[in-house]
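Report on the structure given below.
Numbering (this note's numbering), first residue to last: 11 to 124.
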């Protein structure tokens, strides 16, 4: 998603499938922040705090216009976890969406012996 044009492409697919919230892993963006796209979607992203950190393991949430309007707040919890809270139709009830990306441990090949 770090490459130019990927964000717009993802937003287009999100509209095509009529999704309100899309959880994204491996965004390859540093820092945490939010961007509003020209088409109305909003991207919330959580990455490494250091600007020169490797572009790996970051997570994001892409929100439709409807979800963006229901957004109460969001929090970045490091490079691997992001949480967003939304109003629901039921008064006083919030819906939380959490996106995380767990570090993958490399697994060596195991040989079976008979």
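Glycine included, C-beta positions come from ideal geometry on N, C-alpha and C.
If you draw a straight line from the alpha carbon of residue i to that of residue j, how long is it in whole angstroms?
{"i": "residue 39", "j": "residue 55", "result": "8 Å"}
{"i": "residue 68", "j": "residue 90", "result": "5 Å"}
{"i": "residue 100", "j": "residue 18", "result": "32 Å"}
{"i": "residue 53", "j": "residue 78", "result": "9 Å"}
{"i": "residue 45", "j": "residue 98", "result": "23 Å"}
{"i": "residue 20", "j": "residue 36", "result": "13 Å"}
{"i": "residue 15", "j": "residue 88", "result": "25 Å"}
By the three-class DSSP mapping on this structure, what secondary structure does residue i have?
{"i": "residue 46", "result": "strand"}
{"i": "residue 18", "result": "helix"}
{"i": "residue 51", "result": "coil"}
{"i": "residue 90", "result": "coil"}
{"i": "residue 75", "result": "helix"}
{"i": "residue 80", "result": "helix"}
{"i": "residue 23", "result": "helix"}
{"i": "residue 103", "result": "coil"}
{"i": "residue 85", "result": "strand"}
Name, in chain order, the residues that DSSP records as bridge partners for residue i.
{"i": "residue 109", "result": "92"}
{"i": "residue 29", "result": "Residue 29 is not bridged to any residue."}
Take residue i as the anchor and find which of the options has the nearest alpha-carbon.
{"i": "residue 72", "options": "57, 104, 94 and 98", "result": "94"}
{"i": "residue 82", "options": "88, 103 and 42", "result": "103"}
{"i": "residue 75", "options": "92, 47 and 85", "result": "47"}
{"i": "residue 41", "options": "86, 32 and 26", "result": "86"}
{"i": "residue 28", "options": "51, 45, 43 and 37", "result": "51"}
{"i": "residue 105", "options": "57, 112 and 80", "result": "80"}
{"i": "residue 107", "options": "49, 32, 88 and 43", "result": "32"}
{"i": "residue 30", "options": "43, 96 and 88", "result": "96"}
Can you list, in chain order, the residues of its chain whose CB lies under 6 Å from that of residue i, leaving out five sequence neighbours each side?
{"i": "residue 34", "result": "70"}
Counting only the same chain and skipping the five closest in sequence on each side, list residues whose C-beta sits under 7 Å from that of residue i.
{"i": "residue 23", "result": "none"}
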